[in-house]
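Written below as structure tokens is the structure these notes are about.
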Amino acid sequence: MSDRYDFRAIEGKWQARWEAAHLHHAPDDDARPRWYALTMFPYTSGDLHTGHWYAMAPSDTAARYRRMQGYNVMFPIGFDAFGLPAENAAIARRIDPKDWTYANIEHMRGQLRRMGATFDWEREVITCDPDYYRWTQWWFLQLYRQGLAYRAEAAANWCPGCHTVLANEQVVDGRCDRSDDVVERRFLTQWFFRITNYAEELLRFDGINWPERIRTMQTNWIGRSEGAMLDFPVDVAGVEDPLSVFTTRPDTVYGATFMVLAPEHRLVDRITTGEQRPAVDRYVQETARQSEIDRLSTEKEKTGVFTGAYAINPFSGRRIPIWIADYVLVTYGTGAVMAVPAHDERDFAFARKYGLEVIPVFTHEGTNISQPLESAFVDGEQMVNSGTFDGTPFASAKQAVIAHAEREGIGRGTVNYRLRDWLISRQRYWGAPIPMIHCDEHGVVPVPEEQLPVLLPENVQFEPTGQSPLTQIEEWVNVPCPIDGKPARRETDTLDTFMCSSWYQIRYCDPHNQEQPVSPELARKWLPVDQYTGGAEHAVMHLLYTRFFWKAARDMGIVEGDEPMLRLFSQGVILGPDGNRMSKSRGNVVAPDELVAEWGADAFRCQLMFVGPWDQGGPYNPTGMQGIIRWLNRAWSVAVEEPQFAELAGASETRSLRRVVHRTIREATADMESFSFHTLIARLMELTTALSRARDAGPVDRAAWNEGLRSLLLMMAPLTPHLAEELWERTGGSFSVHQQLWPAFDPGLARDEMVELVVQVNGKVRERIQLAATASEAEARVAALASEKVRQWLDGKEPRKVVFVPGKLLNLVL
RNA sequence: GCCGAAGUGGCGGAAUGGCAGACGCGGCGGUCUCAAAAACCGCUGGGCCCAAAGCUCGUGUGGGUUCGAAUCCCACCUUCGGCACCA
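No gaps in the numbering here: position 87 of the first sequence is 101 in the working numbering, and each next residue is one more.
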């Protein structure tokens with residue numbers, strides 16, 4: 015046989031055969047231990063790009079490896095199918111979003127099949143399918159029942175390009191993460207999920223193996239601060255409630271010489287005096303006109319206006335002015351701060367500009383606090399100017415002040431978070447309708463569960479108006495109130511699509527269940543996900559939301575355990591050949607379909623895995639395909655062109671071949687465990703070379719050859735599933751190579767007999783000597799001193815010290 | 001500004017205290033061929049040297065620890081990522 019590797023003849027053939035044999039379906043009733051491997055499902059953009067391949071092919075390799083280790087592996091796939099592009103396509107091209115989406119899915123299914131991945135298509139989910147979003151709506155109702163969904167007016171991020179509000183997580187540097195438009199601040203009544211209820215728990219990552227990078231990003235995003243809430247009475251007739259402020263420095267409260275409110279703060283209008291009103295109104299309007307980007311710039315000089323009103327410092331009793339300034343954010347804490355210019359840089363800058371009083375309340379080494387301060391200082395030695403607290407050391411000051419505040423009922427120790435509740439309303443059409451009804455008499459009423467799904471109406475006008483297109487469909491909007499049947503109106507906003515993806519991994523376990531989102535038995539069998547893989551761009555969106563969702567589901571008794579994904583691996587970003595992100599405008603897009611058509615799926619998979627460490631990503635090297643193709647050709651030739659056989663069971667060349675084989679298994683197994691696919695491929699290339707050299711060198715022991723070839727094909731199976739299957743069959747293996755066990759290595763056979771021992775003199779390599787691997791220090795010394803070269807370097811001296819690393823090195827120190 | 005990761009041949013990268021550059025690309029030389037391509041084989045960090053042997057330099061920069069450092073420690077530079085007026 016001298017035929018050559020032709021992927022065209024084998025890839026389609028085996029894909030069909032695997033499908034016919036349901037090889038990739040994970041049965042629910044199977045005695046093997048389960049392994050739930052999950053790769054993030056794709057958005058239905060209509061085209062599978064290189065980034066998808068880069069994410070999915072290695073995930074598939076890892077999943078196949080687990081199967082060869084004896085697990086019942088579930089590796090499902092589906093489509094994240096709701097979202098704006100479908101609607102924008104509808105507007106631009108006058109096609110129905112549904113038609114656009116399902117046509118895209120059809121195309122992408124073909125692309126995914128040609129990848130040759132072990133996807134369990136019998137578990138496919140499509141989030142825009144009523145069978146799926148019925149349960150997304152169901153989840154909404156459960157969260158509502160738990161008090162975790164609520165409607166409130168708040169400062170929301172409005173994207174003028176997308177004509178909808180966005181969650182905080184979708185705003186990057188003041189811009190929409192999708193359209194890049196500068197977001198505007200609008201005060202709107204919207205639906206939220208109380209993710210902040212779980213802030214504390216979301217900061218803990220106990221029992222899960224997630225990358226440090228993702229954990230840090232989530233931790234930063236949640237932004238926990240310890241401090242106190244302090245109440246400052248307002249000295250304005252008719253304002254009874256005190257002004258509460260959050261501070262991380264309650265110990266500096268005696269130095270609070272003024273207060274600052276965000277310009278949007280509710281109290282501003284009520285406390286502003288007649289004299290100050292024109293200036294305040296002007297400032298509030300100016301602030302409202304500014305973009306968030308300008309407003310949040312730390313470069314900008316601080317500005318503000320006095321309201322004319324005063325508050326009382328509850329500790330010092332001092333009457334202090336209330337200002338407004340745009341450096342105070344209405345979205346954080348209470349939207350008001352106590353300003354302590356002596357100990358806060360921002361307050362200091364503000365006080366200096368407007369001539370406000372500065373009172374230091376700590377002593378500080380190297381600072382004369384009886385002189386006007388040059389700058390604020392944050393640490394200190396002990397409290398001063400603080401009444402009975404004077405002399406309290408810095409370290410215990412916070413606790414002392416908090417304890418006092420709690421005793422007096424003027425404040426309390428608290429923890430504040432940067433994390434805001436998750437805004438889930440969207441003023442767009444292509445999403446799951448929020449299953450609520452507004453009734454004049456009964457307020458907001460949930461749609462009864464048996465009426466789910468609330469179907470999206472069809473034939474809708476999409477031209478963006480700033481309101482959901484659903485508002486215009488009278489026959490859909492007008493419904494009877496579920497309580498008394500009187501005329502009422504449906505909620506017309508749709509759900510953030512991140513809600514659809516927050517629970518998809520749960521639905522995969524029981525995708526066809528018509529009674530429940532998942533049966534308790536199947537949830538228990540498959541969940542949580544053992545290995546999740548996906549991009550780091552979802553760190554504070556999808557990956558945070560799905561953890562929140564899971565914890566809420568746990569508290570409702572639907573799932574068990576504290577975390578939805580036990581292990582997470584975040585792959586890097588595959589870049590264009592020029593080192594930039596692939597984009598049509600740059601013209602550096604690498605199209606998978608073309609490469610698959612030219613070189614085959616196996617080769618493309620390997621090329622992507624050979625780029626470098628998976629978590630680092632990097633530029634795609636167009637010429638790199640050659641190396642992979644050469645390897646696959648050599649592997650083909652090694653499998654189909656037998657050597658001359660002879661009985662050489664104990665011969666040294668046999669031992670040496672077996673050593674390479676067993677060592678490769680050892681290393682390849684470690685590489686699989688650590689997702690080090692590039693070094694794994696390198697090792698298999700070496701094994702292929704070793705086999706072909708052994709064959710060309712003369713007669714080979716039959717058993718050793720078969721062991722080596724068989725091991726090579728088994729280890730290639732997760733990487734090149736089609737090629738391995740074909741060669742497995744040609745070399746007499748039974749269907750399927752993917753149902754075989756991963757090879758085991760014999761440490762004894764992997765061990766070296768002879769080693770090249772490095773001899774160093776004063777730490778520099780001067781000689782290499784052949785020695786039995788088990789040689790002792792004394793033996794190594796004798797062998798080293800037998801070398802003329804070593805003796806020359808020793809120059810007749812006796813080594814002062816000898817370092818011996820068995821099997822590796824002997825260092826003679828003079 | 002704060003936090004984190006990274007920096008190694010012409011290129012992607014390997015080696016996480018013990019032979020720097022595995023494996024691959026590219027390059028050079030060869031086999032085959034009328035020729036080219038493909039395939040296969042060999043060589044391929046810099047310097048000294050006709051060459052080899054050999055010596056020497058070499059993992060962002062400068063110091064340190066160690067018999068021995070790409071690897072550990074300190075300082076700095078650069079790149080990337082995250083957070084950033086969060087009180």
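Think of the CB as a built atom: it goes at the ideal place given N, C-alpha and C, for glycine as much as any other residue.
Straight-line spacing of the CA atoms in residue 697 and residue 260 works out to 58 Å.
The three-state reading of DSSP puts residue 495 in coil, since its state is none of H, G, I, E or B. Residue pairing by DSSP puts residue 207 in a beta bridge opposite 163, 436. With contacts defined by Cβ atoms closer than 7 Å, residue 785 and residue 769 form a contacting pair.
Contact between the region 448 to 456 and the region 86 to 102 is absent: fewer than three C-beta pairs spanning the two stretches fall below 8 Å. Taking the C-beta atoms as reference points, residue 209 is found no nearer than 7 Å to residue 277.
Contact between residue 306 and residue 197 holds: CB atoms are separated by about 6 Å, below the 8 Å threshold. Annotation: the region 606 to 693 contains the following complete segments of the alpha helix (DSSP H) (minimum length 4 residues), in chain order: 606 to 613, 615 to 623, 639 to 654, 666 to 687.
Residue 474 carries a coil assignment under DSSP once its states are collapsed to helix, strand and coil. Nearest C-alpha to residue 549 among 56, 215, 20: 56. For residue 49, the enclosing beta strand (DSSP E) has its first and last residue at 48 to 53. Secondary structure of residue 258 (DSSP, three-state): strand.
Within the DSSP bridge table, the entry for residue 805 names no partner.
Residues of the same chain with a CB within less than 8 Å of the CB of residue 395, apart from the 5 flanking positions on each side, are 376, 377, 378, 379, 407, 408 in chain order. Under the three-state reduction of DSSP, residue 283 is assigned to helix. For residue 596, no alpha helix (DSSP H) run applies, since DSSP gives it neither H nor E. A distance below 8 Å between beta-carbons, with the five flanking residues on each side excluded, links residue 568 to the following residues of its chain, in chain order: 574, 575, 576. In its chain, beyond the 5 residues on either side, 662, 715, 718 have a beta carbon closer than 6 Å to the beta carbon of residue 668. A Cβ-Cβ contact shorter than 7 Å links residue 563 with residue 517.
Judged by beta-carbon spacing, residue 79 lies beyond the 7 Å limit of residue 47, meaning their Cβ atoms are not closer than that value. Beta-bridge annotation (DSSP): residue 501 is paired with 494. The alpha helix (DSSP H) runs lying completely inside the region 292 to 331 and spanning 4 residues or more are 306 to 309, given in chain order. The residues 201, 202, 203, in chain order, have a CB closer than 7 Å to that of residue 167 in the same chain once the five nearest residues on each side in sequence are set aside. For residue 448, the closest of 479, 432, 304, 467 by C-alpha to C-alpha distance is 467. For residue 246, no alpha helix (DSSP H) segment is defined; the enclosing uninterrupted segment is the beta strand (DSSP E) at 238 to 246. Between residue 536 and residue 524, the C-beta spacing is below 7 Å. Between residue 647 and residue 693, the alpha-carbon positions lie close to 19 Å from each other.
Between residue 708 and residue 737, the gap from beta carbon to beta carbon reaches 7 Å or more.
Apart from the 5 residues on each side of it in sequence, residue 763 sits with its Cβ closer than 7 Å to the Cβ of 672, 673, 676 in its chain, given in chain order. The residue from 526, 531, 450 with its alpha-carbon nearest to that of residue 491 is 450. DSSP, reduced to helix, strand and coil, places residue 822 outside both helices and strands of the structure shown, so it counts as coil. In summary, residue 25 is buried, with 16 or more beta-carbon neighbours lying within 10 Å of its beta-carbon over all protein chains present.
When secondary structure is reduced to three states using DSSP, residue 427 falls in the strand class.
DSSP, reduced to helix, strand and coil, places residue 796 within a helical segment of the structure shown.
Relative to residue 783, the option among 761, 824, 817, 592 whose CA is nearest is 824. Within its own chain, the residues whose Cβ lies closer than 8 Å to the Cβ of residue 554, once the five positions on either side in sequence are excluded, are 183, 231, 232, 235, listed in chain order.
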